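Everything below concerns the one structure shown next.
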Amino acid sequence: MLSRPIDAHELYVRIGHHLAAMPADMSQYTAEKEVWVSKAVALVEAVGDLTDMAQIKDAADHYRSHTAIYGPSLWSILQRALARAELAAPASSSGAFLPVGSAMDAMTAIGKVFKEPRSRILIVDPYLDETILTDFAPMIPEGVKIDLLSDSATAKATLAPAVKRWTSQYGAVRAIEARNTGPRLLHDRLIVIDDNRVWNVSQSFKDFAARSPASLVVVTADVAALKIPAYAALWTASIPL
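Here it is in structure tokens:
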């Protein structure tokens, strides 16, 4: 029996993370892959679909001895579990879960979020560099104020000149402002849409899904209600570049 209940939003996010972290070539056995399968069983059981539970238990029981037969079926079982978890999660739940090396999928997922704002977008990342402007910011609609918040200890030197060139080219049409907090004050990576909706970004934009699985998940309303004023205060106290 589980030590604590798991809510639908958390289950949806966990399954998504687990799918994104699925090892390559499940048709070849390793101990690491067997551990991944065991965790997948627990997640599918938490969703509760009897057919998928039976199938993934069967796959787990025979994975070591018949890897080539059962390994390829695991992806589809987990995808079905993710779809069911998404249906059970609150309507506000949304996310993207990306395996290593999916650079185009990463750009597409971030682009969908960046097209949401109508007046302001706040991008929080302690390791911001020029990539945020060259690869992602052009997808933000014209007329939306772009605020970039990074950390003075870890922001890259390429950010400030990129912001200057962006301002020179776009001016008020794509207004932008960048600020740094004091050293090592930032830990989250967030996208705040119109001071109302918050997305959690699992990795810095410059490395998103490049070296390890990544996720982009909207946070629950109660968590957003805490983060929005906290980061508004950080923004006010930070130093413009």
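So the sequence shown is numbered by the working numbering: it starts at 175 and just counts up by one. Just so it is clear, CB atoms sit at the ideal spot from N, CA and C, and this is done for glycine as well. Predicted model only: the values in this text are computed from it and were never measured.
- Message: Is it the case that the segment 340 to 347 contacts the segment 276 to 292, given that we only count it when at least three CB pairs across the two stretches are under 8 angstroms?
- Response: The segment 276 to 292 and the segment 340 to 347 do not touch, with fewer than 3 CB-CB distances between them shorter than 8 angstroms.
- Among the residues of its own chain, which have a CB less than 8 angstroms from the CB of M196, if the five just before and after it don't count? By 1-based counting over the sequence shown, the position of residue 196 is 22. The beta carbon of M196 sits closer than 8 angstroms to the beta carbons of W210, L248, W249, L252 and P273 from its chain, once the five residues preceding and following it are set aside; these are given in chain order.
- Element boundaries [alpha helix (DSSP H), containing A311]: In the sequence shown, residue 311 corresponds to position 137, counting from 1. In the DSSP annotation of this structure, A311 is not part of any alpha helix (DSSP H), being labelled neither H nor E.
- Mapping DSSP to helix, strand and coil, what is K319? By 1-based counting over the sequence shown, the position of residue 319 is 145. Here K319 sits in strand by DSSP.
- Query: When the Cα of E316 is compared with those of S293, K330, L307 and T328, which residue comes out closest?
  - Reply: Along the sequence shown, read from residue 1 onward, the residue named residue 316 stands at position 142. Per the Cα distances, S293.
- Query: With S212 and A234 assumed to form a contact (beta carbons below 8 angstroms), what rounded beta-carbon distance in angstroms separates them?
  - Reply: Working through the sequence shown from its first residue, we reach residue 212 at position 38. Working through the sequence shown from its first residue, we reach residue 234 at position 60. That pair is a contact at about 6 angstroms.
- Task: Given a cut-off of 8 angstroms, decide if L323 and V287 are closer than it, judged by their beta-carbon atoms.
- Result: Position 113 of the sequence shown, counted from the start, is the residue given in the question as residue 287. Position 149 of the sequence shown, counted from the start, is the residue given in the question as residue 323. No, Cβ-Cβ distance for V287 and L323 is not below 8 angstroms.
- Query: Contact between the segment 325 to 340 and the segment 388 to 401: three or more CB pairs below 8 angstroms?
  - Reply: Here the segment 325 to 340 does not lie against the segment 388 to 401, with fewer than 3 beta-carbon pairs under 8 angstroms apart.
- Run through DSSP, which three-state label would S212 get? The residue given as residue 212 occupies position 38 in the sequence shown. Helix at S212.
- Message: My assumption, with CB atoms under 8 angstroms, is that V218 sits in contact with L185. Please give the rounded CB distance.
- Response: Counting from one through the sequence shown, the residue named residue 218 turns up at place 44. Counting from one through the sequence shown, the residue named residue 185 turns up at place 11. So it is not a contact: roughly 10 angstroms between Cβ atoms.
- Query: If you draw a straight line from the C-alpha of A404 to the C-alpha of I320, how long is it?
  - Reply: Numbered from its first residue, the sequence shown carries residue 404 at position 230. Numbered from its first residue, the sequence shown carries residue 320 at position 146. In a straight line, the C-alpha of A404 is about 18 angstroms away from that of I320.
- Item | Span of the alpha helix (DSSP H), counted from its first residue to its last, around P224 | On the sequence shown, residue 224 is found 50 positions in, with the first residue counted as 1. Here residue 224 is Leu; the residue named in the question, Pro, does not match the sequence. Counting along the chain, L224 sits inside the alpha helix (DSSP H) bounded by residues L224 to H236.
- Query: Just to confirm, does S212 get its C-beta within under 7 angstroms of one of the non-hydrogen atoms of the ligand NAP?
  - Reply: Ligands are entirely absent from the displayed structure, and the ligand NAP is therefore not among its contents.
- Query: What does DSSP give as the partner residues of R363 in its beta bridges?
  - Reply: As a working mapping, residue 363 is identified with position 189 in the sequence shown. DSSP output for R363 lists no bridge partner at all.
- Query: Leaving out the 5 sequence neighbours to the left and right, which residues in its chain are closer than 7 angstroms to E208 when beta-carbon positions are compared?
  - Reply: Here residue 208 refers to the residue found at position 34 when the sequence shown is read from its first residue. Within the same chain, E208 has close Cβ partners Y237 and R238.
- What are the boundary residues of the beta strand (DSSP E) that includes R188? The sequence position of residue 188 within the sequence shown is 14, counting from 1. For R188, there is no enclosing beta strand (DSSP E); the residue is found in the alpha helix (DSSP H) stretching over A182 to A194.
- Taking buried to mean at least 16 other C-beta atoms within 10 Å of its own C-beta, is D303 buried or exposed? Here the question's residue 303 lines up with position 129 in the sequence shown. Counting Cβ neighbours within 10 Å, D303 comes out buried, since at least 16 surround it.
- Task: Compare the Cα-Cα distances from H192 to each of P335, A255 and I243 and report the closest residue.
- Result: Taking the sequence shown and counting its residues from 1, the one referred to as residue 192 is at position 18. Closest option to H192, judged by alpha-carbon separation, among P335, A255 and I243: A255.
- Roughly how many angstroms lie between the CA atoms of Y203 and A311, to the nearest whole one? To locate residue 203, count along the sequence shown from 1; it is residue 29. To locate residue 311, count along the sequence shown from 1; it is residue 137. Between Y203 and A311, the C-alpha separation is close to 42 angstroms.
- Same chain, Cβ closer than 6 angstroms to Q229, neighbours up to 5 away in sequence not counted: For the purposes of this step, residue 229 is taken as residue 55 along the sequence shown, with counting starting at 1. Once the five neighbours on either side are set aside, the close Cβ partners of Q229 are I251.
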